[in-house]
Amino acid sequence: MTYDPEEVLATAADYQTALERLDVEPVPSVHGDGMGTAAFYANSEAAEVFRSIDPGDPDATATFPRGSILVKENFDSAQISHGMLSVMAKFEEGYNPLGNDWFFAMVDLDGNVLDNKAGNGADVEFCRDCHSQMGADTDLVIGLEADQLR
7 MTYDPEEVLA TAADYQTALE RLDVEPVPSV HGDGMGTAAF YANSEAAEVF RSIDPGDPDA
67 TATFPRGSIL VKENFDSAQI SHGMLSVMAK FEEGYNPLGN DWFFAMVDLD GNVLDNKAGN
127 GADVEFCRDC HSQMGADTDL VIGLEADQLR
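End of the sequence shown sits at 156 in this note's numbering; the numbers just go up one at a time, nothing left out.
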């Protein structure tokens, strides 16, 4: 199966109704120089795996199924939205071998790509590189503590 970036971006734009909220309340985020917070959303395929990740367990592993979609809304320290979403979607095998086949994007709240940051190329290397360091054993995804999950 081949996944469609435009379909993922449309889902991301409708994240509050199309996806499931994962966190109890926005949690500290490394985005925005670590000064803000983020709210996490996922489709059902991704939500189950996301909830199984124990960030406190150094031996934790996870593999997300193809078709998984994760969206993070980013807020400043006053809990005001940056108007930006971080998006990850697990595509077909071979789509992004260095990034575990994840599609990465940064979009506005309407799903419009910001600064050409979408896909699997050089414009999103920073996404892949950071997620590879922080979530190497959990399919490039950084989980939340159990008390932060819905």
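Beta carbons: idealized from backbone N, C-alpha and C, even for Gly.
Bridge-paired residues (DSSP) for residue i
| i | result |
| --- | --- |
| D114 | M90 |
| D145 | Answer by DSSP bridge pairing: none, since D145 is not bridged. |
Cα-Cα separation, residue i to residue j
| i | j | result |
| --- | --- | --- |
| V14 | P71 | 15 Å |
| E12 | A19 | 11 Å |
| E54 | M140 | 20 Å |
| E51 | N102 | 20 Å |
Run of the alpha helix (DSSP H) containing residue i, from where it starts to where it stops
| i | result |
| --- | --- |
| A16 | P11 to A19 |
| F81 | That residue, F81, is in no alpha helix (DSSP H); its beta strand (DSSP E) goes I75 to F81. |
| D135 | E131 to M140 |
Counted within 10 angstroms of its Cβ, other Cβ atoms place residue i as buried (16 or more) or exposed
| i | result |
| --- | --- |
| F109 | buried |
| I86 | exposed |
| V30 | exposed |
| F132 | exposed |
| S58 | exposed |
| T8 | exposed |
| M41 | exposed |
N-terminal and C-terminal residue of the beta strand (DSSP E) that residue i is part of
| i | result |
| --- | --- |
| F46 | G42 to A48 |
| G62 | Element bounds for G62: n/a, residue is neither H nor E. |
| D121 | V119 to G125 |
Close-in-space but distant-in-sequence residues of the same chain around residue i (CB under 6 Å, 5 per side omitted)
| i | result |
| --- | --- |
| T67 | D143 |
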